[in-house]
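J.: Residues in the sequence shown are numbered from 331 upward in steps of one, following this note's numbering. Quick one: this structure, given as C-alpha cells, is what I'll be asking you about.
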Amino acid sequence: MPLYEYRCLSCNETFEVRQKFSDEPIAKHADCGGEAKRLLSAPQ
C-alpha cells in the first residue's frame, strides 16, 4: 500500500497515511479535526 503525505490546514502539521490506491483522500486531520490536503511528492 502506498504512503501518502498530508498537511493539516488548521494546525499546519504534516503527517503520513498508508492507503490503498482506491481509497478516497482523507478530508480531516485525526488529531485536531482540521481540513487535510494530500501533498504531491516525488517517488523515492
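Glycine included, C-beta positions come from ideal geometry on N, C-alpha and C. All values reported here derive from a predicted model rather than from experimental measurement.
Could you work out which residue in E354, C362, Q374 is closest to R368 when comparing CA atoms only?
T.: E354
J.: Any idea what DSSP makes of C338, helix, strand or coil?
T.: strand
J.: Under a Cβ-count criterion, where at least 16 other Cβ atoms within 10 Å of its own Cβ denotes burial, should A366 be classed as buried or exposed?
T.: buried
J.: Who are the near neighbours of L339 in its chain, counting only those whose CB is closer than 8 Å to its CB and skipping five residues on each side?
T.: G364, E365, A366, K367
J.: For R348, which of Y336, Q374, C362, D361 has the nearest alpha-carbon?
T.: Y336
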